[in-house]
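Residue numbers (our numbering), protein chains in the order written: chain A, 244 to 537; chain B, 5 to 260.
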């Protein structure tokens, strides 16, 4: 079954504490949906439940919500953490997100979390391993997930293929969807010297559930994926070309650090909407049907 | 781990050592990193290595602003790697990485740190728990049970678990910012709690503290009243306190 049932939610942004009160009180119509970081709403290891969950439920009544994870560590050789999956399943059951996404990466090994998104070697061994973990995750959660390409600063000598082949093959074998981060493609292309258009041309559009746009820092001889700045012109250009050829897609602005005032965030979302090419009008039925989209 | 992932596992362990171990002039062979033009392998691995301590350092500085004020931010950041070596993160969320930092400071206080630094850190961690987490539900709670007068004496009482009670040998609530005056030890008992929008904290007097500890034993109303008599508190004051605490939702009651 192809992943065409990741509906187009329109244009949104990440839900950040600095904007939560404004979103709850004003319910701005400048955004169509929100992406929430799953780990911010999961029960803690000692069983405590985070207090911010009520805010998320409140917003869920007004906007479709997608949950985005950073710690499934699908590429780690550690076994999948069933307790984490249980907490995740509980959150998904409660919030009924449009979908859940996490990264094509590993975050640690031997039980230790290094709290970063490390790239994998692009090998057949890694493909088999990640596909098995994605399939187990999808079986456990009872739904298809999206996996996101990460930005990277190293590649491994054992890699047998370019990153885009690795990503697409994993998506094909596990029948998962893709969260395509165009900023990450651009950052990695500069750091590793490939053409970002080669990457984007290889992505099968029927697997794309969502697009991320974000800002980065230019350090001269390399780029750092910081999410603390506006989307740069080169990334906007890639997004424009990509959506003109293959879009539109559900799109969001990721701005995680040095969070701007809400009005500045709205500008970025507005620009994505303008470039993305459609005016998505959110209706009540969007919100109500979000839980049944997958 | 299966034989099929042995190579991947070796790579991940080696790369993890580069990230979490001591900094060095990495050649890349350690973790199978490919040499690439434009940036040396050492700098490429270094991006991950230094991001690791910076990320956890940011988290500790944010969570322990009082400790940072007394130690200095740079000195606090110097604790990051020793802390993570002893207490590596086993958590999925960065929010929990700070969990063992007060214990670390108690066992390994930085040179020149004030005597109260670990207790201040512990108070700050309790503040984080108060603000960021909800109460865990009480065991065997039947919240919809109607409380009828004939069984009121059997109602079990407890403190709302979201209420934090904290006892320190130091006036930690006054130490959130570094001051030049000398700090003297003083037994300090604090309560911290959240309402819908706000965080609150206040000092608790000795008799009130003992009453609150009694409440925390999940005794029923009649046993609680009997034990409270031993605290030499007037009926009026007892009544005022009980009403005040109920209004603040510090007290929960349920029928077992």
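All residues carry an ideal CB built from backbone N, CA and C; glycine is no exception.
| Item | Value |
| --- | --- |
| Beta bridge counterpart(s) of residue 205/B as assigned by DSSP | 196/B |
| Residue-level contact to chain B via CB, residue 405/A, 8 Å cutoff | no |
| Segment contact flag, the segment 276-283 of chain A with the segment 385-396 of chain A, C-beta cutoff 8 Å, min 3 pairs | no |
| Secondary structure of residue 345/A, DSSP reduced to three states | strand |
| Contact with chain B by residue 396/A, beta-carbon distance below 8 Å | yes |
| Burial state of residue 54/B, where buried means 16 or more other Cβ atoms lie within 10 Å | exposed |
| Cβ-Cβ separation, residue 401/A to residue 350/A (assumed contact under 8 Å), whole Å | Rounded, the Cβ-Cβ distance is 20 Å, inconsistent with contact. |
| C-alpha gap between residue 163/B and residue 246/B, whole angstroms | 12 Å |
| Proximal chain B residues relative to residue 436/A, where beta-carbon distance stays under 9 Å | 40, 41 and 42 |
| Residue 39/B: first and last residue of the uninterrupted beta strand (DSSP E) it sits in | Premise fails: residue 39/B is in no beta strand (DSSP E) and is neither H nor E. |
| Neighbouring residues, chain B, relative to residue 361/A (Cβ below 9 Å) | 16, 19, 20, 23 and 52 |
| Beta-carbon proximity of residue 478/A to residue 425/A, cut-off 8 Å | yes |
| Residue 27/B in three-state terms, based on DSSP | coil |
| Limits of the unbroken alpha helix (DSSP H) element including residue 309/A | Careful: residue 309/A lies outside any alpha helix (DSSP H), inside the beta strand (DSSP E) at 308-311. |
| Where the beta strand (DSSP E) containing residue 163/B begins and where it ends | 160-163 |
| Short CB-CB distance (under 8 Å) between residue 145/B and chain A | Note that residue 145/B has pLDDT 43, beneath the 50 cutoff, so the model's placement of it is unreliable and the number below is only indicative. Taking Cβ atoms only, chain A never reaches closer than 8 Å to residue 145/B, which makes this a no. |
| Residue range of the unbroken beta strand (DSSP E) whose run includes residue 69/B | Segment 69-75 is the alpha helix (DSSP H) holding residue 69/B; no beta strand (DSSP E) there. |
| Residue 231/B, enclosing beta strand (DSSP E) - first and last residue | First-last for residue 231/B: 225-233, but that is the alpha helix (DSSP H), not the beta strand (DSSP E). |
| Endpoints, the alpha helix (DSSP H) within which residue 471/A is located | That residue, residue 471/A, is in no alpha helix (DSSP H); it is neither H nor E in DSSP. |
| Pair within 8 Å by beta-carbon distance, residue 169/B and residue 188/B | no |
| Among 19/B, 212/B, 200/B and 75/B, the one whose alpha carbon lies nearest that of residue 137/B | 200/B |
| Under 8 Å between C-beta atoms of residue 432/A and residue 391/A | no |
| C-alpha gap between residue 495/A and residue 294/A, whole angstroms | 25 Å |
| Residue span of the beta strand (DSSP E) that contains residue 418/A, given as start and end | Taken as a continuous stretch (DSSP letters only), residue 418/A belongs to no beta strand (DSSP E), as it is neither H nor E. |
| CB of residue 74/B within 8 Å of CB of residue 221/B, strictly | no |
| C-alpha distance - residue 262/B paired with residue 99/B, whole-angstrom precision | This structure does not reach residue 262/B, given that chain B is present from 5 up to 260, and the question cannot be answered. |
| Pairwise C-alpha distance: residue 296/A and residue 185/B | 42 Å |
| Chain B contacts from the segment 277-290 of chain A (Cβ-Cβ distance under 8 Å) | 282, 283, 285, 287, 288 and 290 |
| Assigned secondary structure, residue 400/A (DSSP; H/G/I helix, E/B strand, else coil) | coil |
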